[in-house]
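The next block holds one structure in the form of structure tokens; read it before the comments.
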Amino acid sequence: MSAGAEATRPGGAVSEGLDAGHVVFERVAEAYDAARPHYPEALYLALEELSGVRLAGARVIDVGAGTGISTRGLLDRGARVVAVDRGGRMLGVLCSRTECAALLADGNELPFRDGAADLVTYAQAWHWLDPALSVAEAVRVLRPGGAVAGWWNTVDAGRADWLAAYQVRLAESCDGYVGPALPGWSMPPIAETMELAGLTVARTWVGWTRSVRLDDFLTDLRSHSYVARLDERDAEELVARERAELGRVFPDGRLTVPMRVYLATGRAEAPVV
Numbered sequence: 001m002s003a004g005a006e007a008t009r010p011g012g013a014v015s016e017g018l019d020a021g022h023v024v025f026e027r028v029a030e031a032y033d034a035a036r037p038h039y040p041e042a043l044y045l046a047l048e049e050l051s052g053v054r055l056a057g058a059r060v061i062d063v064g065a066g067t068g069i070s071t072r073g074l075l076d077r078g079a080r081v082v083a084v085d086r087g088g089r090m091l092g093v094l095c096s097r098t099e100c101a102a103l104l105a106d107g108n109e110l111p112f113r114d115g116a117a118d119l120v121t122y123a124q125a126w127h128w129l130d131p132a133l134s135v136a137e138a139v140r141v142l143r144p145g146g147a148v149a150g151w152w153n154t155v156d157a158g159r160a161d162w163l164a165a166y167q168v169r170l171a172e173s174c175d176g177y178v179g180p181a182l183p184g185w186s187m188p189p190i191a192e193t194m195e196l197a198g199l200t201v202a203r204t205w206v207g208w209t210r211s212v213r214l215d216d217f218l219t220d221l222r223s224h225s226y227v228a229r230l231d232e233r234d235a236e237e238l239v240a241r242e243r244a245e246l247g248r249v250f251p252d253g254r255l256t257v258p259m260r261v262y263l264a265t266g267r268a269e270a271p272v273v
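Just so you know, we're using the UniProt record's numbering here: the sequence shown kicks off at 1 and counts up by one.
Right, here's the structure in full:
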């Protein structure tokens, strides 16, 4: 794939022009990469089935790649990936840990020629972009018969009372927090936006279970924007409270967290010849 942007290098500075949410993630890039959950094998199998794109050998543009959690999963399955993100520090972490082409660029204005990709992906990222612009750009850079895909890891609070209680506590401590167990929560409408763009849409949920040390779970907590926006003292107090609360539920220090991934794909159907 050819592109009109330079590859980033490890240790890049915070990029200019980022909104407040992106700046927060730039500050916690290392914690984000260290503790955020991966995506299960079943997600990638579902991605191939719904998108119609076999990952081995596929040309993939991973938009909003961040520190490369999804990028590494795609690479491990043989895809040829270019990671795209607006955050230089996030991409710096990616480049330091992953052998991959990476571009400091905006997902709303992709620096690729028309038809350059078999698959454009947004893992935990599409909600940071302009819906109409980002999908239009994805469609532009896809080959006929290619696909757009977006997915989100979420906790499955309906399978564990402790998770529901945990989310209530977060809502009490963090302005703007809404989790799957709380009123007002919903998935970003990527499938609906794909349909409006004329793509053939499919969607599914993939369940899995995460086993994670309490320390890593709390590092993950610190990497979320609703905690990273807190004053340092308030954030430390929140983490200390959760260490105590969760330690009572999991005295051995290892959490079993029910998870599920929402996946939506949109195919750009090839013209009938």
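Glycine included, C-beta positions come from ideal geometry on N, C-alpha and C. All values reported here derive from a predicted model rather than from experimental measurement.
| Asked | Found |
| --- | --- |
| DSSP state of Thr8 mapped onto helix, strand, coil | Low confidence applies here, because Thr8 scores a pLDDT of 36, under 50, leaving its location unreliable and the question unanswered by this model. |
| Sequence-distant residues of its chain with Cβ nearer than 8 Å to Trp205 (five each side left out) | Arg260, Val261, Tyr262 and Leu263 |
| Straight-line gap, Leu246 to Leu214 (C-alpha atoms, nearest Å) | 8 Å |
| Neighbourhood of Asp130 by C-beta distance below 7 Å, restricted to the same chain and skipping five residues each side | Asn108 |
| At least three beta-carbon pairs within less than 8 Å, the segment 113-131 to the segment 49-62 | yes |
| Three-state class that DSSP yields for Leu129 in the structure shown | coil |
| Ala138 burial status per 10 Å Cβ neighbour count (16 or more: buried) | buried |
| Three-pair Cβ contact test at 8 Å for the segment 178-193 versus the segment 229-248 | no |
| Proximity test, Leu55 beta-carbon vs the ligand GTP heavy atom, cut-off 7 Å | With respect to small molecules bound, the structure shown includes none, and the ligand GTP cannot be examined in it. |
| For Arg248, the three-state DSSP class (helix, strand or coil) | helix |
| Minimum length 4: unbroken alpha helix (DSSP H) runs contained in the UniProt domain "Methyltransferase type 11" (61-148) | 69-76, 88-97 and 131-141 |
| Where the alpha helix (DSSP H) through Arg222 begins and ends | Leu214 to Arg222 |
| Those runs of the alpha helix (DSSP H) which lie wholly inside the segment 36-65 and span at least 4 residues | 41-51 |
| The segment 37-46 / the segment 95-115 touching (three or more Cβ pairs under 8 Å) | no |
| Close-in-space but distant-in-sequence residues of the same chain around Ser70 (CB under 7 Å, 5 per side omitted) | Tyr39, Asp62, Thr121 and Ala123 |
| Rounded distance between the beta-carbons of Leu182 and Phe217, thought under 8 Å | Contact flag wrong, Cβ pair sits at about 19 Å. |
| Cα-Cα separation, Asp114 to Asp85 | 19 Å |
| Between the CA atoms of Trp126 and Pro111 - distance to the nearest angstrom | 17 Å |
| Length of the line joining the Cα atoms of Glu41 and Arg248 | 31 Å |
| Buried or exposed by the 16-neighbour rule on C-beta atoms within 10 Å, applied to Ser211 | exposed |
| Three-state class that DSSP yields for Ser173 in the structure shown | helix |
| Short Cβ contact (8 Å threshold) for Tyr166 with Tyr226 | no |
| Per-residue burial, Leu196 [other beta carbons within 10 Å of its own, 16 or more giving buried] | exposed |
| Met259, enclosing beta strand (DSSP E) - first and last residue | Arg254 to Arg267 |
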